[in-house]
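What follows is one structure encoded as structure tokens, with my remarks underneath.
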């Protein structure tokens, strides 16, 4: 590489991982935050534009950080440049992040609600505010479930579907405002709010990348703030029920609480995943799942052999966390895929149901019954989601297979 290498300006924060080892989070701008080891940070600190490559390598080796010219060049090209950390980097957009959303459509800048955040932040003021509000939410939830259990099963025939869907998605939007409110409370700017499709349903999302500027405890508060604000929406809905006695409002409350609880599942990239990740200070716990399972298995076998020989053999906490999490994650993923395949097979076998849904949609459009049209569209979308998901998985697999074969073909040609 020609010229003196220099990384962009960055802020540094030191933290400890689950094993008590130090690592650093380098914040380059609003959307670029990198976790690095102490060794990597030593190398990055030297890239200040005042030393040549040879001088940097010699200085590092003198400090006991062994690195060759080839390793140094690889670190620059394969790690720093793709992540857009160099001042002369041509990759302006930075490394492309893997998205778990089929649809990813940013809608509005979260900063437009700053006036609202300045009010909502008082709901996060202290435990003396949070705990009483959560007790009220619990009372609303218990009352709703108990009251609905007394109704006959045919109450769903008179359900105002549009109202229920509106309430659930309104709560999901407020969920994202809750994350932004927590960030505002800690003087951190976050990105756009948008809509997408995650697994089999529509979701709202917000770019929270910049919260990596916060310490562990503040990130945890930010992780749970979305669910907290979402369940708070049940309080005004419950008040409306007490006035109107509209049973659809109670169903809306139950669905909002269920939707919020689903976010705690740590095996999908939702709030529960980030909460576990921040609590344990372990990042990217879904990455290389099979490698983590293999590593834990090997370590357990080695520990068993050591015990037979009366030798001490310790396994780090991170190996257990990654291994156990990865095992459950892989199992959960397989079950989801199998259930979707089962749904697709069921749709093929019961194709008459699909035809009837289309006929119903056609009739409702002809008669101008907008409410039933929306219900039919929603039902058709739910029926087709497993098909879309399976096709998406298949396309992704074929793409990876093609790229792998292409790379192997190129290597053989050389």
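Residue numbers (my numbering): 237 to 650.
Cβ coordinates follow ideal geometry from the N, Cα and C atoms, glycine included.
Alpha helix (DSSP H) segment containing residue i, residue limits
| i | result |
| --- | --- |
| residue 265 | Taken as a continuous stretch (DSSP letters only), residue 265 belongs to no alpha helix (DSSP H), being part of the beta strand (DSSP E) at 258 to 265. |
| residue 405 | 397 to 421 |
| residue 471 | 470 to 480 |
| residue 485 | 483 to 498 |
| residue 514 | 507 to 516 |
Nearest-angstrom beta carbon gap, residue j and residue i [assumed within contact, 8 Å]
| i | j | result |
| --- | --- | --- |
| residue 474 | residue 376 | 4 Å |
| residue 373 | residue 471 | 6 Å |
| residue 460 | residue 511 | 6 Å |
| residue 593 | residue 615 | 6 Å |
| residue 562 | residue 537 | With 8 Å as the limit, residue 562 and residue 537 do not qualify as a contact, their Cβ atoms being about 17 Å apart. |
Start-to-end residues for the beta strand (DSSP E) that takes in residue i
| i | result |
| --- | --- |
| residue 270 | 268 to 272 |
| residue 449 | Note, residue 449: premise wrong, no beta strand (DSSP E); not H, not E. |
| residue 544 | Per DSSP, residue 544 belongs to no beta strand (DSSP E); it is in the alpha helix (DSSP H), 525 to 544. |
| residue 430 | 428 to 434 |
| residue 252 | 247 to 252 |
Close Cβ partners of residue i (< 7 Å) along its chain, the five nearest in sequence each way excluded
| i | result |
| --- | --- |
| residue 248 | 260 and 262 |
| residue 438 | 431 |
| residue 353 | 416, 417 and 420 |
| residue 246 | 262, 263 and 264 |
| residue 555 | 531, 532 and 535 |
| residue 346 | 416, 426, 427, 428, 429 and 442 |
| residue 357 | 417, 420 and 421 |
| residue 273 | 259 |
| residue 477 | 485 and 486 |
Separation of residue j from residue i, as counted between CA atoms
| i | j | result |
| --- | --- | --- |
| residue 329 | residue 265 | Since pLDDT at residue 329 reaches only 45, below the 50 mark, its modelled position is unreliable, and the value read off the structure follows with that caveat. If you take the alpha carbons of residue 329 and residue 265, they lie about 12 Å apart. |
| residue 427 | residue 441 | 10 Å |
| residue 331 | residue 370 | Low confidence applies here, because residue 331 scores a pLDDT of 49, under 50, leaving its location unreliable and the question unanswered by this model. |
| residue 285 | residue 317 | 15 Å |
| residue 256 | residue 400 | 47 Å |
| residue 271 | residue 501 | 24 Å |
| residue 567 | residue 527 | 15 Å |
| residue 455 | residue 447 | 7 Å |
| residue 322 | residue 443 | 23 Å |
| residue 603 | residue 383 | 36 Å |
| residue 595 | residue 589 | 10 Å |
| residue 268 | residue 457 | 21 Å |
| residue 327 | residue 243 | Any reading at residue 327 needs caution, since the residue's pLDDT is 49, under 50, leaving its predicted position unreliable; the model's value is listed next. If I take the Cα positions, the gap works out to 14 Å. |
| residue 258 | residue 355 | 38 Å |
| residue 324 | residue 576 | 46 Å |
| residue 398 | residue 387 | 20 Å |
| residue 480 | residue 423 | 40 Å |
| residue 509 | residue 584 | 34 Å |
| residue 445 | residue 574 | 32 Å |
| residue 572 | residue 453 | 32 Å |
| residue 606 | residue 591 | 20 Å |
| residue 547 | residue 553 | 19 Å |
| residue 627 | residue 343 | 27 Å |
| residue 287 | residue 320 | 20 Å |
| residue 582 | residue 617 | 15 Å |
| residue 208 | residue 278 | Because the chain is modelled from 237 through 650, residue 208 falls outside the range shown and cannot be assessed. |
| residue 518 | residue 254 | 7 Å |
| residue 513 | residue 351 | 31 Å |
| residue 413 | residue 359 | 12 Å |
| residue 282 | residue 306 | 17 Å |
| residue 315 | residue 449 | 21 Å |
| residue 612 | residue 578 | 22 Å |
| residue 275 | residue 635 | 36 Å |
| residue 638 | residue 622 | 24 Å |
Cβ shell of residue i (< 8 Å), same chain only, five flanking positions each side left out
| i | result |
| --- | --- |
| residue 609 | 597, 600 and 601 |
| residue 560 | 532 |
| residue 451 | 249 and 251 |
| residue 297 | 303 |
| residue 408 | 439, 440, 466 and 495 |
| residue 395 | 483, 484 and 487 |
| residue 492 | 403, 404, 407, 466, 467, 469, 470 and 473 |
| residue 366 | 359, 360 and 464 |
Beta-carbon proximity list for residue i, same chain, < 6 Å, skipping 5 on both sides
| i | result |
| --- | --- |
| residue 308 | 293 |
| residue 542 | 549 |
| residue 380 | 486, 489 and 490 |
| residue 630 | none |
| residue 506 | 499 |
| residue 341 | 430 and 431 |
| residue 280 | 243 |
Exercise for the section: Starting from the N-terminal side, write out each stretch of the alpha helix (DSSP H) that is 4 residues or longer and does not extend beyond the region 293 to 379. Expected result: 305 to 311 and 350 to 356
Exercise for the section: Enumerate, from N- to C-terminal direction, the unbroken alpha helix (DSSP H) stretches of 4 or more residues contained entirely within the region 534 to 618. Expected result: As for any alpha helix (DSSP H) of minimum length 4 sitting wholly inside the region 534 to 618, the runs are 553 to 585 and 587 to 602, ordered along the chain.
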